[in-house]
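Participant: Before I ask anything, let me first share the structure, which is written out below as C-alpha cells.
Number of protein chains: 2
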Amino acid sequence: MLIPIDRQAGTPLHRQIHEHLAQLIRREILADGERLPAARQLASEIGVTRSTVSQAYDGLQAEGLVRTAVGAGTFVTRTGLAPAPPHRIARRAAFDWERFLADHAPTTEDASLGELFAAAPPEGPVINLLRPIPDPALAPVAEVRRTARAVLQLLDADALDYGSPWGYEPLREVLGRQLATEGMDRTDDATLLVNGSQQGIDIIVRTLVAPGEVIVTERPAYKGALRVFQAARAQVRCLPMDEESLETAALERTLRQDNVRLIYVTPTFHNPTGATMGPTRARAILELARRHGVPILEDGCFRNLRYEGTPVPALKNFDDEGLVIHLGTFSKTLFPGLRVGWIAAPQQLAQRLSLARHDMDLGSVTLAQMVICRLHEQGEIARHLERVRAVYRARRDALLDGLERHLPEPVQWTRPAGGMSLWVRLPEGLGSLGAVRRAAGRGVLVAPGSIFDPAGHDLDGFRIAFSTAEAPDLVRAAAILGKALREEIDNRQSHVAAAPRLPVV
Amino acid sequence: MLIPIDRQAGTPLHRQIHEHLAQLIRREILADGERLPAARQLASEIGVTRSTVSQAYDGLQAEGLVRTAVGAGTFVTRTGLAPAPPHRIARRAAFDWERFLADHAPTTEDASLGELFAAAPPEGPVINLLRPIPDPALAPVAEVRRTARAVLQLLDADALDYGSPWGYEPLREVLGRQLATEGMDRTDDATLLVNGSQQGIDIIVRTLVAPGEVIVTERPAYKGALRVFQAARAQVRCLPMDEESLETAALERTLRQDNVRLIYVTPTFHNPTGATMGPTRARAILELARRHGVPILEDGCFRNLRYEGTPVPALKNFDDEGLVIHLGTFSKTLFPGLRVGWIAAPQQLAQRLSLARHDMDLGSVTLAQMVICRLHEQGEIARHLERVRAVYRARRDALLDGLERHLPEPVQWTRPAGGMSLWVRLPEGLGSLGAVRRAAGRGVLVAPGSIFDPAGHDLDGFRIAFSTAEAPDLVRAAAILGKALREEIDNRQSHVAAAPRLPVV
C-alpha cells in the first residue's frame, strides 16, 4: 500500500498516514472488515518506523475507524463514521478542457452512428449490419487455447522483454514465404509486423505525409483510413470509383493538378463496395503512379476472403520499381483480438517505418505474435479460412437474394466476389440518411453514406456488412430495407426534387 | 496456395499456373522433394477446373521440374533446372525513396549509439549500461506461464474480438482502485489502458499539440518523449533542472514568453537524472501551470521503484482542478513484453484520447491485459516489485560506491532514491562524447548527453543505467569510466580551453 508522504509539510508522519487511511475508509476504498497491513509490513513498505504506523493505527482506533483484535490484526470498522464528503478532492474551478481542445484534436466520433442506435427499437431484435468484421461466433477459441498453451512452454525472458520494432522474427519469415508464394515479394522489400493494419496505415501516413499534403483515395472510402488522414492533417481527395476501383481518368487529372503524396486503395474486395480491380486497371494505376512519382498504399486486408473465381493479382504483384506498400492483417481472416498485421514495403522505406513504429509504442506483444505464428505453422489459419469462407459466401448469397427480392426498382447494389460488405446505390440526390434512419427505426442497422466521406457529407448509398449476421436475418433485413427505401423514395417524390448532391458512386 | 491469375491476359490459365509454380521452384520457395497440393485441392482453392491444374502439372513434369509418383502425388524435383535468374522481378529503375522522404519523416535513429557499439572492443566483455529497463534475468517467467495458463481457461470469443479502446475493464478497475489507494484519483478522472506509456505519450501529444506548438520539458530529457515531440512537429523547450526538477523561475519565464501547450515532466525518479520533485516544488509547478492554463503530462513510469525514504506524492496527488495527466506502466516494475500502460486523465480529455487511440490501432491485445490483471489479483506484481527493488537498490549502491572511489575530482553525479539510472555531471564545456567514446573503447557503454537533447547537441553529462548489470560489473564500469574521464580531462586541459557549450544540468 503506497501512502504518499509530504516530508515538507508541518503534519507529523503518523498523522499523515492516519488521515490518508481515514480517507480511504470513508470513501470505502478500504471496505468494512478489511484487514490493514501489519504495522511492521506497512512501515517497511513506506519507509517509516513501526511505531509511526502503530501511532497512526491507534489514532484510527480512537476515531472508531479500525479495531484491533489482539493476535489477529487491525480491521476496518465503520462505527466511527460520520457522513463524509464523497470525494477526496474539494474541486476548484475545473480546467476547461473543451475550450482547450477546441480547434485541436478533431472529434472523430460519428454522431450519425450514435443516432442510429438511438433510433433502433429499444425492445425487440436488432439486426446489426454495421461492421465488416469476423463473426465472433466463428472464432476458433478452442484452437487458440490449445495453441497458446503450447506456446507458453516456449515463453522465456526474451518474450517478456521489449521486442524488435520489426516484430517477431519467425512470424516475419512465415509472412515472407507467404508473400513469395503469392508472387508478391520483391527482393528489396522487407516485412514489418504491426498492431493490425490500422496501425500500419497510421505509421505509413505519419511517415510519408506532412500536414497539408494530399492523399488520394476512393469515394466511398474506408472510414478508419479517413480518420488517420484527418489526424495527420492531410488533405484528402476522394475520387469516383467504377465497378473495379478508382477511375483512371479522374486519377490522372488529380495527379496532374495536385502535388499528391500518397494513393490509398483497397484493390481487392474494397470496403465498403466490395469492388475488385482487375489486372489491366492495376497496371494502368501503377503506370500513372510511376509517371507522377507517387507511392501507393495497397490495403489488402480482405484479400483472402474470396468466395468465387480465381485469385486476383494484387497491385504488389505488378510492382516492378518498389512503389507499392502492401498492407495485410490476420484481423479479418482469423480474428482481430491478437492485433497482428503486416506491412511489406521497399527496404529503404521499411527502415524508416520501423523507426517511426518504435517511437509510437516500442513494439508489439511478442506472445500474441508467437500464438499467431504457431497457428499458422499448424495449418489452423488455412483451415479456419476455408471454414469461414464457406459461411460468409452463404451469407453474401442470402443477402444478394434478399436484395433481389425486396429492393425497389431504381436502387442498385454491388455483387462482391469476396470481403464482408456490399454497397447499395441510391438514386442520385436521394442521400442515404433518410432510408437508413427508417430502417434503424425498424431494427436494421446499416452504415450511412456519410461515414464514407472525409467531410461527413451524405452519399447516395449505404453499406451492408454481411459477415456477422445469419442468412435468415440478412433476408429479413433486406425486406425491411426494401420497405424503408420505398417509403423514402415515395416521400421524396411527393416533395420538390432535391438539389444535386455529391456524385453517385 | 494462393496463385494470382490474370484473366485479362492472353496466357491460358494452365500456363499461368505452370509459370507461377516454375518460378517458385526455381527460386527454391518450393523446396526439392516438396509435395505439391493434389490437383483437385488446388483447383478448388484457386477456382479453376481440375484438368487445368493437371495440365499445369503435366507442363512442369515435361520441363523436369516435378515428377508424379502414381498414388503418392506430385513432387518438386530440380532435375530440369537450368541456372535461373535469382529474382522474380526484372527491376526497372527503382523508386527513389531517399529523395521522396527527404524533408519528411525525421530520421530518429541515434547515430551516436551505433558509433558507441562500433567503438566497443569486438572481443572481450562489454558492460552495457545504456538502457534503464528491467533486467530480463529477473523476469518472472514461471509466474507468467502459470498465470497465463489459468487465464486461457477464461479465453472466449470476446477476448478474440476487437477490445474497447479504453482497455480491458477488470484491469481498468484494478488500476482505479490502486490510484484511489494512493490518493491520486479525482472523481472526474478516467483511466485508459494503452500499449505501454510510450503510446500514452504519443496519444496525448497528438491530441493536445498541433504542429509548431510548444512543449516544455526537462534538460536532460527523456529521449522517447523527445522523439514523439519531433514526430508531432512540436517546438520543444528544454528547461534547466536543479536537484529536484524543472527550475520554477525558468518555467515561469517560458510560460510568460511562449504560448505553451503542454508541460512534460517525470517528477519521480526522472530519466536520466533520477531526480525527484518534493511537494513544495510540485505545488509551485502546478500553480504556475494553473495560472497559465497549461496542462501537465506527468510520466510516472518509475514511481514504484523506490529504494529508500517514504513514498513521494505525485503531481496528481495535488491536482485539484484536473490539469494533470498521469501516465503509468507495468513495463518498468514488471516487464515490458505485454505492452500495458495506462493514462489517468480528466474525463473530458480521456474521451478524446480514447477516440484518438481507436484511430491509431483499434485497441490493445485483450489476452495480454488479462494476464496482467490476473498477475495483479494474485499479488504477483507486488511480490515481484519487492524482489526487484532489493536487487536494483543493491546495484545502485554498488554503482554509487564505485563512482565515489573512481571518478576524478571535478566530476559530480546524482544519487537517485529510486528508478534505474543516474546522471554524471561533467565540468562545464567538457561535453560527454569524448569520455563516453573512451569508455566504449574499453567495453563500457553509457548514454552520452546528446541523446537527451532535442537537437542532439552534446551536454556536459551522461547517463548510467544500473538496472541490468550486476554489482561487480558496475564497480568495474565505474573504474573504467573514471579512467576515461581522467584522460579526457587531461587531454582537454592540455589544449586550448573549449568554447562554452549548452548550460550544464
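Chains A and B are the protein sequences, given in the same order.
Quick note: the first sequence, position 29, residue 38 per my numbering, numbers continuous.
Quick note: the second sequence, position 475, residue 484 per my numbering, numbers continuous.
Every residue, glycine too, gets a C-beta built ideally from N, C-alpha and C.
1) For the segment 258-285 of chain A, which residues have a CB atom closer than 9 Å to at least one CB atom of chain B, in sequence order?
2) With a cut-off of 7 Å, does the C-beta of residue 244/A fall near any C-beta of chain B?
3) Drop a sphere of 10 angstroms on the beta-carbon of residue 499/A, count the other beta-carbons inside from all chains shown, and report buried for 16 or more, exposed for fewer.
4) Could you tell me the distance, in whole angstroms, from the CA atom of residue 421/B to the CA atom of residue 349/B?
5) So, does the segment 255-266 of chain B touch the segment 199-217 of chain B, judging by three or more C-beta pairs under 8 Å?
6) Return the CA-CA distance between residue 317/B and residue 254/B, expressed in angstroms with no decimal places.
7) Please list the residues of the segment 361-384 of chain A that have a C-beta atom closer than 9 Å to any C-beta atom in chain B, keeping them in chain order.
8) Can you give me the start and stop residues for the alpha helix (DSSP H) that residue 484/A sits inside?
9) I'd like to check one pair, residue 380/A with residue 1/A: are the Cβ atoms closer than 7 Å?
10) Please work out which residues of its chain come closer than 8 Å, Cβ to Cβ, to residue 21/A, disregarding the five sequence neighbours upstream and downstream, and give them in chain order.
11) Does DSSP classify residue 66/B as helix, strand or coil?
12) Is residue 14/B close to chain A, meaning its C-beta is less than 7 Å from at least one C-beta of that chain?
13) Can you tell me the Cα-Cα spacing of residue 41/A and residue 186/B, whole angstroms?
14) Could you spell out where the beta strand (DSSP E) holding residue 352/B opens and where it closes?
15) Our contact map puts residue 336/B next to residue 372/B with C-beta atoms below 8 Å; I'd like the distance itself, whole angstroms only.
16) Which bits of chain A does residue 519/B rub up against, with CB to CB less than 9 Å?
17) Does the beta carbon of residue 177/A sit closer than 7 Å to a beta carbon anywhere in chain B?
18) Cβ of residue 40/B less than 7 Å from any chain A Cβ?
19) Please report the residue range of the alpha helix (DSSP H) in which residue 84/A lies.
20) From which residue to which residue does the alpha helix (DSSP H) around residue 106/B run?
21) How would you list, in chain order, the residues of chain B whose beta-carbon sits under 9 Å from the beta-carbon of residue 287/A?
22) Could you check where the alpha helix (DSSP H) with residue 31/B kicks off and where it finishes?
23) Helix, strand or coil: how does DSSP classify residue 17/A here?
24) Under 9 Å between beta-carbons, which chain B residues line up against residue 326/A? List them in chain order, please.
25) How many angstroms separate the CA atom of residue 321/B from the CA atom of residue 327/B?
26) If residue 376/A sits next to residue 154/B, beta carbons under 8 Å apart, how far is it from one beta carbon to the other, in whole angstroms?
27) For residue 29/A, return the contacting residues in chain B, with the cut-off set at a CB-CB distance below 7 Å.
28) Can you pull the chain B neighbours of residue 205/A, defined as C-beta to C-beta under 8 Å?
29) Is it the case that the Cβ atoms of residue 517/A and residue 212/A are separated by a distance below 7 Å?
30) If you follow the alpha helix (DSSP H) that residue 412/B is in, where does it begin and where does it stop?
31) CB of residue 405/B to nearest heavy atom of the ligand ZN: below 6 Å?
32) For residue 356/A, I'd like the list of residues in its chain whose CB is within less than 7 Å of its CB, leaving aside the five on either flank, ordered along the chain.
33) Just to check my reading of the structure: residue 136/A and residue 478/A have Cβ atoms closer than 8 Å, yes? What is that Cβ distance to the nearest angstrom?
34) Along the beta strand (DSSP E) that carries residue 470/A, what are the first and last residues, could you check?
35) State the start and end residues of the unbroken beta strand (DSSP E) segment that holds residue 272/B.
36) Excluding the five sequence neighbours on either side, which residues of its own chain have a C-beta within less than 8 Å of the C-beta of residue 443/A, listed in chain order?
Facilitator: Concretely, from the data shown:
1) 270
2) no
3) exposed
4) The alpha-carbon atoms of residue 421/B and residue 349/B are separated by roughly 36 Å.
5) No contact exists between the segment 255-266 of chain B and the segment 199-217 of chain B.
6) 19 Å
7) 361, 362, 364, 365, 367, 368, 369, 370, 371, 372, 373, 374, 375, 376, 377 and 380
8) 480-502
9) Because chain A spans 10 through 514 in this model, residue 1/A falls outside it and cannot be assessed.
10) none
11) If DSSP states are grouped into helix, strand and coil, residue 66/B belongs with the helices.
12) yes
13) 16 Å
14) Residues 350-355.
15) Between residue 372/B and residue 336/B the Cβ distance is about 18 Å, and since that is not below 8 Å, they are no contact.
16) Nothing can be reported for residue 519/B: it is not among the residues displayed for chain B, which extend from 10 to 514.
17) no
18) At a cut-off of 7 Å between beta carbons, residue 40/B makes no contact with chain A.
19) Looking at the DSSP string, residue 84/A is not in any alpha helix (DSSP H); the run it does join, the beta strand (DSSP E), is 82-85.
20) 106-110
21) 15, 16 and 17
22) 22-35 is the extent of the alpha helix (DSSP H) around residue 31/B.
23) DSSP places residue 17/A in coil when its eight states are reduced to three.
24) What residue 326/A touches in chain B: 13 and 15.
25) 12 Å
26) Contact doesn't hold; Cβ gap of about 10 Å is too wide.
27) Residue 29/A reaches chain B at 192, counting residues in chain order whose Cβ is nearer than 7 Å.
28) Within 8 Å of the CB of residue 205/A, the CB atoms of chain B belong to 370 and 371, in sequence order along the chain.
29) With chain A covering only 10 through 514, there is no way to say anything about residue 517/A.
30) 389-415
31) Looking at this structure, you won't find the ligand ZN or any other ligand, since it has none at all.
32) 197, 198 and 199
33) 6 Å
34) Segment 470-474, the beta strand (DSSP E) holding residue 470/A.
35) 269-274
36) 497, 500 and 501
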